[in-house]
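One structure is given below, encoded as structure tokens.
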């Protein structure tokens, strides 16, 4: 028991130091700019806990962040970098909204699962193309996944304007999906939707997969040394393919959940900056599937704090983004210090 | 006459569009040749665009803005070199981290200096420099010799890199570092110096590529101004087989696609404009199928060399 | 002649640590002018580390280096080269895509301009290569050159820079006996013309043939320095091994005691390979054509050959890591269509040559490394879910049995030393209880006790009927352990010798395609 506490302590300390150092650096900058540093710290860290509404808001934000992080960390376990979570989310959202609009009259026990499954399938397909390019031609997946992000922007623009566009909206948006496609709320008078449960469930499944199954072991072995894994009978190339498709599926699900739980329609820009935050979360957690949900929650808290800070103190929210990037940098440095 | 104008205009646009691709890609190639694989281009270009614009606005000099962008790019390169060459961290992860920082810092700087306004301040566009005599040649003169300074710079830097890498002994040493750094090290070549120099200079070029965009196209920095060109530059580097002369030629392909896609959106066509906008990205994906099959990559690209690392035993 | 006049190099009190590991401890070395000085010791004794310090690749913690009587600092290879020191490393440091001349000239000041004009330098290269019998085409690309030629490139690198002292680190591992003789002759010619040579090796026989004085290192300490005539073979063995092993009872040194056991072979044929063909996947690969052999239970079949003649292709095609054609029958069943994981399940184990690239999972734990290949079977897994408790328990058992020096099953595998990585790979293979084991250069880079351990394990399993295909570039190893030795040349088996008829020169001729 004592051993476990010591090892947990060992893992947490570098993170605490990294957070402190980043806040210090940002604080200096904020102070130099003439703002109230302590008030800024307080706003960033505690806005989420000021009211029940703020807390549920944080949980709502947590959902896509967690899923985007997993969309990155699943292929990362196999050594592949999926930077296409954004496009996979958008295309998943398109599929989900499409189903939600076309079958709008269906009852909830049919429509909702269909909407979510459509998101998963479309997201998986959007990742399957770069995965296939990697499998067949050996093309580096970083580039192909990123390029498809840009392509997806045009696709959602087209779909939200020409195909199911809502003529009354000033911004590319579709008509709403059927009521049966909406995710039920977990708490009345909040926007905390059932997607939260789904996201946590997915996180648990992913953890069991990577840490407790033979199939998950093969994924990790492939990421550790693909050549050696191949020499011992693991089908490495298939695993690259599979891991990217799974990542795309999870990202597609995040898009479907945004459609079904938050907007109830397809809106251009629904992807927000979830991809970037998801990447940062995945990297800070070093791909560890126990840590990812906790880091995701922490980043959600920071993001809520960022928009609050921008609203109440007029400090640009990008400041928090830089803090998050600095935390990542310090974590990476701390690894080195430990090796010495 | 109309046709000629249209053709000349079209050709000029291609040369204009060429610059960011050439500069960013040559910068990537340069550090890659010593083994440092820079994947932060998108962030460095954004930072270069933002800082370059802001400095040009403040000093009322585009040149100083470009220099500032080069300096900022060089600093990012210094960070990349330090984390990769000295600290030996995973180059992809560091590249992503620098990409995040460039992304955030470029927006932050703009918001802090310009604030949120409806009337965006603008800088004047980069003016053309007409080369005497050559500029008077009909048609060709107008296209090739009446361009802005950075167009000429792109051509010159590509030629210079070619000669440096393949016709000088320093170039031989540089290439050896990316192919077998231990071999170069054991013969007295200063591997660390090469890696730092190429990465700093390369990133400076990438920063300038970013600054070019507001100075030539829009007159102001916006968050979407780079639009993926940083990533496309990586593809171009592979497409050009990591050789400066082929990268320069390959850049024409990217420039033509970009100009065609823009043209079609403006002039109008049967195809919806959203799909035309995807043209650069989709064609690049297909370009990569060729590039990854047929081109040769520096053997030590992306790997970190450690002189004291004990090998087999 | 006073000692100071004839001494070219002195290293005194050299100490070098890597973290908590002491690689060199108060080492002394002194080399005379115009002598071939042998640096002898098992793998891991510190010979390469000492030379890397001399050559400026490593920085010593303490110690002095004196060249020509003057104490100097060697902070980088550039300074070493300026002092007249040249080094031929164990693994050649060459740029494959450059030509031989470009590799040799890299880093040298070429005339006064930086322009790359190679005409004069190439003339000098040709002159040197003729003078010392190191024939070479300066314009050939490295990729196209065979191993012997590549070594000549390395030697010419030093000669081109007017080296006074040439260090060679284990230069004969990739050579046939005939090529070794040729190298020795070249070295003697160089010494006659004024050069001094430090010859690093773990092969006692070579050092006694070639070197006038010999320094023995063991566990990072200099044990003794003697002239060749002043000591017997046994003295040197004792110096190399120390008290760690019982020399009288070891396989390595007292082989006669084990002869009867080694010579024993079962009667049942276990593996039959018929007409194996492998296409060369790229220019660097060697195609295999129509290769046939068989192995009986309890037999150790050796495959001798110079590196690059198809050994990798043979091992990998048998393990189905590489596609191949031909008929393979194992334990009575046709194997040709099975996949690697089926072969592993049926009792074939493989220990690849390159432990780091092909065998180790560095960012994983020791336990995760040990179960690789068996991760879908009991006791590690029920096929779907891993049994973490069983994995930890069995891993600890293997760590104990194979004496792997590590903190435990949860330790990071990247921290293991070379010898322990090999022990782990062997543990992984042996824990499968295979009927057939394919090993490729199993003792490369291992220190003497570890080498002894490997041979003992192979012999122990041989007694229970396990067959072994031992692919090795080390003829001593093959002659010690094998019942038959086949020679492979350019993807074909060109000859097989029975135990009792083993002859190094004959095998050497086969390995060179001359028989």
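Protein chains in written order, with my numbering: chain A, 95 to 434; chain B, 15 to 327; chain C, 1401 to 1915. Even glycine gets a Cβ: it sits at the ideal position worked out from N, Cα and C.
* What three-state label does DSSP hand residue 144 of chain B in the structure shown? -> strand
Legend entry - Reference residue 243 of chain B; option with closest CA among B/51, B/295, B/81: Out of B/51, B/295, B/81, B/295 has the C-alpha closest to the C-alpha of residue 243 of chain B.
*Which residues, in order along the region 1474-1502 of chain C, keep a beta-carbon less than 9 Å from a beta-carbon of chain B?*
If the cut-off is 9 Å between Cβ atoms, the region 1474-1502 of chain C has 1476, 1477, 1478, 1479, 1480, 1481, 1482, 1487, 1489, 1490, 1491, 1492, 1493, 1494, 1495, 1496, 1497, 1498, 1502 near chain B.
Does residue 180 of chain B have its Cβ less than 9 Å from a Cβ in chain C?
Yes, residue 180 of chain B lies at the interface with chain C (some Cβ there is under 9 Å from its Cβ).
Checklist entry - Hey, does residue 1744 of chain C have any beta-carbon neighbour from chain B nearer than 9 Å? => result No, residue 1744 of chain C lies away from the interface with chain B (no Cβ there is under 9 Å from its Cβ).
**Study point:** Own chain residues within Cβ distance below 7 Å of residue 1790 of chain C, not counting five before or after
**Key:** 1779, 1780
**Message:** So residue 63 of chain A contacts chain B; which residues on that side make the cut at Cβ distance below 7 Å?
**Reply:** Because chain A in this structure spans residues 95 to 434, residue 63 of chain A falls outside the shown range and cannot be described.
Q) Should residue 310 of chain B be flagged as near chain C, meaning a C-beta pair shorter than 9 Å? A) yes
task = Measure the beta-carbon distance from residue 103 of chain B to residue 61 of chain B and round it to whole angstroms, keeping in mind my assumption that it falls under 8 Å.
result = Rounded, the Cβ-Cβ distance is 20 Å, inconsistent with contact.
**Study point:** Member of A/168, A/265, A/183 whose CA lies at the smallest distance from the CA of residue 369 of chain A
**Key:** A/183
Measuring only the C-alpha atoms, how far is residue 233 of chain B from residue 164 of chain B?
16 Å
What do you get for residue 1610 of chain C, buried or exposed, if any count of 16 or more other CB atoms within 10 angstroms of its CB means buried?
So residue 1610 of chain C ends up on the buried side.
- Neighbour-count burial assignment, residue 1785 of chain C, 16 or more Cβ in a 10 Å radius: Taking all protein chains in view, the Cβ of residue 1785 of chain C is surrounded by fewer than 16 other Cβ atoms within 10 Å, so the residue is classified as exposed.
According to the neighbour-count rule (16 or more other Cβ atoms, all chains shown, within 10 Å of its Cβ), is residue 99 of chain A buried or exposed? exposed
Interface flag, residue 160 of chain A vs chain B, CB-CB below 9 Å
no
**Message:** For a test of the three-state rule: what should DSSP assign to residue 1420 of chain C, helix, strand or coil?
**Reply:** coil
- Contacting residues, own chain, Cβ-Cβ under 7 Å from residue 240 of chain B (five flanking each side not counted): 56, 59, 60, 63, 224, 227
key: C-beta atoms of residue 194 of chain A and residue 291 of chain A nearer than 9 Å   = no
Since residue 1892 of chain C sits in a beta bridge, which residues does DSSP pair it with? C/1889
**Q.** Closer than 7 Å at the beta carbon, the chain A residues around residue 1461 of chain C
**A.** Here the premise fails: no neighbours, minimum Cβ distance about 16 Å.
Q.
Restricting to Cα atoms, I'd like to know which of C/1694, C/1659, C/1705 is closest to residue 1910 of chain C.
A. C/1705
- Item | Separation of residue 1901 of chain C from residue 184 of chain B, as counted between CA atoms | Going from the Cα of residue 184 of chain B to the Cα of residue 1901 of chain C covers about 55 Å.
Query - Residue closest to residue 336 of chain A, alpha-carbon to alpha-carbon, out of A/399, A/389, A/226 - result: Cα-wise, what sits closest to residue 336 of chain A is A/226.
Buried versus exposed, by CB contacts within 10 Å (16 or more), residue 1530 of chain C = exposed
Looking at the C-beta of residue 39 of chain B, does it have a partner C-beta in chain A at a distance below 9 Å?
Residue 39 of chain B does not count as touching chain A.
CB of residue 1870 of chain C within 9 Å of CB of residue 1839 of chain C, strictly | yes
Item to complete: Report the neighbours of residue 333 of chain B on chain C: residues whose CB is nearer than 8 Å to its CB, in chain order.
Response: One cannot answer for residue 333 of chain B here, as it falls past the ends of chain B, which runs 15 to 327.
Close-in-space but distant-in-sequence residues of the same chain around residue 1720 of chain C (CB under 7 Å, 5 per side omitted): Only 1738, 1739, 1740, 1743 meet the Cβ criterion.
Check your understanding: Are the beta-carbon atoms belonging to residue 1764 of chain C and residue 1798 of chain C less than 9 Å from one another?
Key -> Cβ atoms of residue 1764 of chain C and residue 1798 of chain C: not closer than 9 Å.
Span of the alpha helix (DSSP H) around residue 47 of chain B: Segment: none, residue 47 of chain B is in no alpha helix (DSSP H) and carries neither H nor E.
Anyone know if the C-beta pair for residue 1542 of chain C and residue 1585 of chain C falls short of 9 Å?
no
| said: Strictly below 8 Å CB to CB, what residues from chain C border residue 321 of chain A? | reply: Within 8 Å Cβ-Cβ: 1757, 1758.
message: Would residue 241 of chain A pass as an interface residue toward chain B - the criterion being a Cβ-Cβ separation below 9 Å?
response: yes
Check your understanding: Would you call residue 127 of chain A buried or exposed, if buried means 16 or more other Cβ atoms sit within 10 Å of its Cβ?
Key -> By the neighbour-count rule (16 or more Cβ atoms within 10 Å), residue 127 of chain A is not buried but exposed.
Original post:
Name the chain C residues whose beta carbon is nearer than 7 Å to that of residue 186 of chain B?
Top reply: The contact set of residue 186 of chain B on chain C, defined by CB atoms closer than 7 Å, consists of 1502, 1506, 1516 in chain order.
In whole angstroms, what is the alpha-carbon distance linking residue 364 of chain A and residue 386 of chain A?
Whole-angstrom Cα-Cα distance: 22 Å.
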